[in-house]
Amino acid sequence: MAEADRTRSSSGIAGGEAEEVVALFDQLRNPLLRYLLGFSLGVSDAEDIIQEAFLALFQHLERAKSRENLRAWLFRVAHNLALKKLQRSWRESRNISQSIAAEHSIVDPGPNPEDQLAASQKQKRILAALNGLPEQNRWCLYLRAEGLRYREIAEVLDMSLGSVSLSLARSLAHMARAAER
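Start counting the sequence shown at 2; every next residue gets the next number (this note's numbering).
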């Protein structure tokens with residue numbers, strides 16, 4: 002028995018069957034690729050799936066399984082492989098998302114101790130500056146912070162509109178200087 006004949010008989014695929022598989026590959030590669038791209042797979046993933054499907058066809062024929070409608074059989078195998086690939090990708094992306102979320106939950110988003118101290122000191126300076134303002138200026142600021150218009154503040158505190166404007170301008174400048182220190 003010649004070497005080529007022994008190889009064919011040990012593999013279970015006769016020369017005619019191998020030629021048939023090659024012919025099926027030539028005939029179905031592009032239609033399978035188009036079908037798999039419909040799964041939103043990348044070209045390289047789709048080509049890998051096609052290779053796996055034809056490897057499965059070789060194994061199928063090697064085991065002397067049914068040869069009925071190999072075209073449909075190949076599409077079904079490719080379909081199932083594509084679904085498995087999508088499930089793996091979905092699980093991987095979900096795992097990555099979960100690990101990223103876990104990393105973010107570990108990191109303290111709050112300010113570090115130095116920033117907390119600086120903010121606390123700034124707040125104390127601003128509060129001291131506010132308490133150092135004349136009472137009428139403090140009331141103007143409080144009412145403005147509550148959303149009252151200058152005219153309404155003037156009515157509430159029985160002041161002129163110009164006095165309210167001047168009071169607020171001076172008070173805000175004083176507060177800004179205290180915040181900058």
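Glycine residues also receive a C-beta, built at the ideal position from the N, C-alpha and C atoms.
- Put simply, the backbone Cα of Val22 is about 16 Å away from that of Arg77.
- Here DSSP, grouped into helix, strand and coil, assigns Asp159 to coil.
- Here Phe26 carries a helix assignment [DSSP, helix/strand/coil].
- Counted as a single uninterrupted DSSP element, the alpha helix (DSSP H) harbouring Phe55 occupies residues 44-63.
- Shown here, Ser41 sits in coil according to DSSP, grouped into three states, outside any helix or strand.
- In this structure, the beta-carbon distance from Leu169 to Trp140 does not fall below 8 Å.
- Under the criterion of beta carbons closer than 8 Å, Ser166 and Tyr143 do not qualify as touching, at roughly 16 Å.
- If you look at Pro114, you'll find it in the alpha helix (DSSP H) that goes 114-132.
- If you draw a straight line from the Cα of His175 to the Cα of Ala130, it is about 7 Å long.
- Going by C-alpha positions, Leu173 is about 56 Å away from Arg92.
- Of the residues Glu18, Ala54, Leu162, Ser90, the one whose Cα lies closest to the Cα of Ala73 is Ala54.
- In summary, Lys125 is exposed, with fewer than 16 beta-carbon neighbours lying within 10 Å of its beta-carbon over all protein chains present.
- Between Glu48 and Leu34, the C-beta gap is smaller than 8 Å, which places the two residues in contact.
- Residues of the same chain with a CB within less than 7 Å of the CB of Ile127, apart from the 5 flanking positions on each side, are Met176, Ala179, Ala180 in chain order.
- Measuring C-alpha to C-alpha distances from Gln137 to each of Glu20, Asn81, Ser161 identifies Ser161 as the nearest.
- Between Leu29 and Leu84, the CB-CB gap reaches or exceeds 8 Å.
- Assigned with DSSP and collapsed to three states, Asn96 falls in helix.
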